[in-house]
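Here is the structure we will look at, set down as structure tokens.
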Amino acid sequence: MVQGVERMRILSAILLLVVFVGLAIFLTFTSSWGAIWTSQVQETPVALEEEPSPTPTPDWSGKFAVDILQPTVLRAAPAPAAEIVAVLRRGDRVALSGCAADLLWCQTEEGAWLLSYMVGDVPGDLPVLDAPGLTVRDIRDAPTPTPEPSPTPTPEPTPQVSLLQLLPTPTPTPAVVETVALDAANLRAGPGTEFERVGSVHSGETLRLIGQLADGSWYQLENGAWIAAFLVEPPATELPVITIENGE
Numbered sequence: 001m002v003q004g005v006e007r008m009r010i011l012s013a014i015l016l017l018v019v020f021v022g023l024a025i026f027l028t029f030t031s032s033w034g035a036i037w038t039s040q041v042q043e044t045p046v047a048l049e050e051e052p053s054p055t056p057t058p059d060w061s062g063k064f065a066v067d068i069l070q071p072t073v074l075r076a077a078p079a080p081a082a083e084i085v086a087v088l089r090r091g092d093r094v095a096l097s098g099c100a101a102d103l104l105w106c107q108t109e110e111g112a113w114l115l116s117y118m119v120g121d122v123p124g125d126l127p128v129l130d131a132p133g134l135t136v137r138d139i140r141d142a143p144t145p146t147p148e149p150s151p152t153p154t155p156e157p158t159p160q161v162s163l164l165q166l167l168p169t170p171t172p173t174p175a176v177v178e179t180v181a182l183d184a185a186n187l188r189a190g191p192g193t194e195f196e197r198v199g200s201v202h203s204g205e206t207l208r209l210i211g212q213l214a215d216g217s218w219y220q221l222e223n224g225a226w227i228a229a230f231l232v233e234p235p236a237t238e239l240p241v242i243t244i245e246n247g248e
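Structure follows, in structure tokens:
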């Protein structure tokens with residue numbers, strides 16, 4: 001009986017020892033993994049997404065800013081054959097530094113050139129360049145076309161009308177010369193930029209010409225519209241001369 005009790009005490013002590021040893025191993029194991037996991041979490045850098053920088057809005061205050069009316073090109077000089085340095089889209093905005101004396105070409109602040117009718121209204125106080133890189137003066141000093149006075153018609157005696165004169169005279173068909181537009185250009189109701197814009201042509205478009213001014217600076221198309229001579233190639237020097245009277 002005494003031996004049985006003693007044996008039970010020994011087994012209880014052994015069992016208690018096993019429990020303590022197992023608990024110690026468990027705590028040691030979990031503490032090690034916890035430390036490792038914590039260190040990994042602390043060492044793992046968190047990538048922060050950088051917000052994109054907002055696009056700066058151009059400051060147009062104090063500048064001669066105009067809007068582009070249709071796609072156009074910027075050239076290195078005020079000439080249709082000059083090198084193309086950039087292309088602008090419809091709705092783009094550009095700051096001007098001046099215009100040529102004839103108001104046909106305007107220069108941007110970066111030094112490039114574009115045709116004035118490709119932009120909105122040109123500011124009235126925009127400087128005028130007498131020549132690229134030379135004297136600058138106010139646009140209000142630019143030459144304004146002065147209409148020539150219409151001659152007073154002299155009454156002529158009424159001629160005797162014969163039967164042959166009553167017959168309709170066939171209208172001669174004007175000779176047509178074909179040429180090509182060098183660049184996108186506007187068509188005018190008369191030979192000058194002061195006339196109303198009545199249409200436009202694209203670069204490379206074939207044009208049918210029927211006449212020209214005496215100085216060859218403007219050509220008239222078959223449909224009656226006018227285009228500046230330097231905007232077409234080849235030049236049509238053999239066209240008949242058209243005389244403009246009474247501001248037409």
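Taking the UniProt record's numbering as reference, the numbering of the sequence shown is continuous, increasing by one, and the terminal residue is 248. Ideal placement from N, C-alpha and C gives every residue a C-beta, glycine not left out.
Residue i, enclosing beta strand (DSSP E) - first and last residue
| i | result |
| --- | --- |
| residue 64 | 64 to 67 |
| residue 227 | 226 to 228 |
| residue 114 | 113 to 115 |
| residue 239 | Element bounds for residue 239: n/a, residue is neither H nor E. |
| residue 107 | 105 to 108 |
| residue 200 | 197 to 201 |
| residue 190 | From DSSP, residue 190 is part of no beta strand (DSSP E); its letter is neither H nor E. |
| residue 75 | 72 to 75 |
| residue 87 | 84 to 88 |
| residue 221 | 218 to 221 |
| residue 129 | 127 to 129 |
Residue i, buried or exposed, once every other Cβ within 10 Å from all chains shown has been counted against 16
| i | result |
| --- | --- |
| residue 206 | exposed |
| residue 239 | buried |
| residue 219 | buried |
| residue 237 | exposed |
| residue 78 | buried |
| residue 9 | exposed |
| residue 126 | buried |
| residue 15 | exposed |
| residue 140 | Residue placement at residue 140 cannot be trusted, given a pLDDT of 47 that sits under 50; the coordinates are not used to answer. |
| residue 25 | exposed |
DSSP state of residue i mapped onto helix, strand, coil
| i | result |
| --- | --- |
| residue 178 | strand |
| residue 95 | strand |
| residue 233 | strand |
| residue 6 | helix |
| residue 213 | coil |
| residue 23 | helix |
| residue 101 | coil |
| residue 18 | helix |
| residue 152 | coil |
>> With three or more beta-carbon pairs closer than 8 Å as the criterion, would you say the region 110 to 124 touches the region 85 to 96?
In response: yes
>> Within 8 Å, do at least three Cβ pairs link the region 65 to 73 to the region 116 to 123?
In response: yes
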